[in-house]
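Structure record follows, encoded as structure tokens.
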Amino acid sequence: MPTLTKGRYRARTATGPGDIRAAQRLRQRAFRRDEGLDSDAYDAACTHVLLEDRATGALVCCFRLLPIAGGRTVSESYAAQFYDLSALSGFDGPMLELGRFCIHPDWHDPDILRVAWGALTGHVDRKGVRLLFGCSSFQGTDAAPYAEAFALLCDRHLAPARWRPGVKAPEVVRYCDEDGAQRALDKRRARALLPPLLRSYLLMGGWVSDHAVIDRDLGTLHVFTGLEIDAVPPARARLLRAVAG
3 MPTLTKGRYR ARTATGPGDI RAAQRLRQRA FRRDEGLDSD AYDAACTHVL
53 LEDRATGALV CCFRLLPIAG GRTVSESYAA QFYDLSALSG FDGPMLELGR
103 FCIHPDWHDP DILRVAWGAL TGHVDRKGVR LLFGCSSFQG TDAAPYAEAF
153 ALLCDRHLAP ARWRPGVKAP EVVRYCDEDG AQRALDKRRA RALLPPLLRS
203 YLLMGGWVSD HAVIDRDLGT LHVFTGLEID AVPPARARLL RAVAG
């Protein structure tokens, strides 16, 4: 991935073990809220992307990308540990799994997410990716504070039936019960409860699983999130490509 410089930030690919350790250190702080290195077996197969403050070199965001050749190999993804992705086995075209996306907890500049999506857009275009997917995480393992957000996902953003992930994890929150889509919703408040990454996916036409996985290891709830590149609204695609440069 070529280096992308926009405003005060630079997005670049990790170039060695030191860069990967820096990303793992940020992941540990963001997801586990302590010091150390968050790592797993998937790191070795991924491209790691770092976003840095140009003036200081501070690492403000990171994520990793795992290429998936097509639906026949989607079972090799990180998400396949938690979701039954057999419905996606018939998807025709290259896929890309976006994982471990996090922003430094001390940084709150919305331009960080914008530059991250610009770097990701350039990569998707260069590789001819047709489906971008991953797990979007809510902090904590208690679903109650997110009831309105989950009701909104059920009501407005469910995956098409032909691609919808099935239940695989031992602990899940089934937020699409029989009356889930019938609840009165304050949509503005519900959207405010969504993680920023998930809101971005949904603005581009993304969709989600009908349940959340309780991840005791990371201390999160997460939903499978997919984005078919051909479904991105043209105006939104133009904005992303303008950032990608």
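Residue numbers (my numbering): 3 to 247.
All C-beta atoms, glycine included, are put in the ideal place defined by N, C-alpha and C.
Just so we're clear, the structure is a prediction, and the values are computed from it rather than from any experiment.
### Query
Who pairs with methionine 97 in a beta bridge, going by DSSP?
In the sequence shown, the residue the question calls residue 97 occupies position 95. Methionine 97 is bridged to Ile70, Leu133.
### Spatially closest choice to leucine 200 from Cys104, Tyr44, Arg10, by CA coordinates
For the purposes of this step, residue 200 is taken as the residue at position 198 of the sequence shown. Sorting Cys104, Tyr44, Arg10 by C-alpha distance to the C-alpha of leucine 200 places Cys104 at the top.
### Task
Tell me phenylalanine 226's beta-bridge partners as DSSP assigns them.
Here residue 226 refers to the residue found at position 224 of the sequence shown. Assignment of beta-bridge partners to phenylalanine 226 by DSSP yields Cys137.
### Query
In the structure shown, what three-state DSSP assignment does tyrosine 203 receive?
Numbered from 1 along the sequence shown, position 201 holds the residue referred to as residue 203. Three-state DSSP puts tyrosine 203 in a helix.
### Query
So does the segment 87 to 98 actually touch the segment 126 to 138, counting three or more Cβ pairs closer than 8 Å?
Of all C-beta pairs linking the segment 87 to 98 to the segment 126 to 138, three or more are shorter than 8 Å, placing the two stretches in contact.
### Message
Quick check: leucine 53 and alanine 118, are their CB atoms within less than 9 Å of each other?
### Response
In the sequence shown, the residue the question calls residue 53 occupies position 51. In the sequence shown, the residue the question calls residue 118 occupies position 116. Yes, these two residues count as a Cβ contact at 9 Å.
### Task
Taking only the alpha-carbon atoms, compute the straight-line gap between leucine 100 and arginine 66 and give it to the nearest angstrom.
Counted from its first residue, the sequence shown places residue 100 at position 98. Counted from its first residue, the sequence shown places residue 66 at position 64. Spanning the two alpha carbons is a distance of roughly 6 Å.
### Message
Could you tell me the alpha carbon to alpha carbon distance between phenylalanine 140 and alanine 244, rounded to whole angstroms?
### Response
Taking the first residue of the sequence shown as position 1, residue 140 is located at position 138. Taking the first residue of the sequence shown as position 1, residue 244 is located at position 242. One C-alpha to the other measures close to 29 Å.
### Query
Among Ala89, Leu242, Cys64, Ala46, which has the Cα closest to the Cα of lysine 170?
Here the question's residue 170 lines up with position 168 in the sequence shown. Of the candidates Ala89, Leu242, Cys64, Ala46, the one whose C-alpha sits nearest the C-alpha of lysine 170 is Ala89.
### Query
Just the Cα atoms here: how many angstroms apart are aspartate 219 and glycine 142?
Residue 219 sits at position 217 when you count from the first residue of the sequence shown. Residue 142 sits at position 140 when you count from the first residue of the sequence shown. The alpha-carbon atoms of aspartate 219 and glycine 142 are separated by roughly 11 Å.
### Task
Return the bridge partner residues of valine 175 from the DSSP annotation.
Within the sequence shown, residue 175 is the residue found at index 173, counting from 1. DSSP output for valine 175 lists Ala214 as bridge partner(s).
### Task
Run the CB neighbour count on alanine 237, radius 10 Å, all protein chains shown included, and call it buried at 16 or more, exposed below.
Position 235 of the sequence shown, counting from 1, holds the residue named residue 237. With fewer than 16 other CB atoms across the displayed protein chains lying within 10 angstroms of its CB, alanine 237 is exposed.
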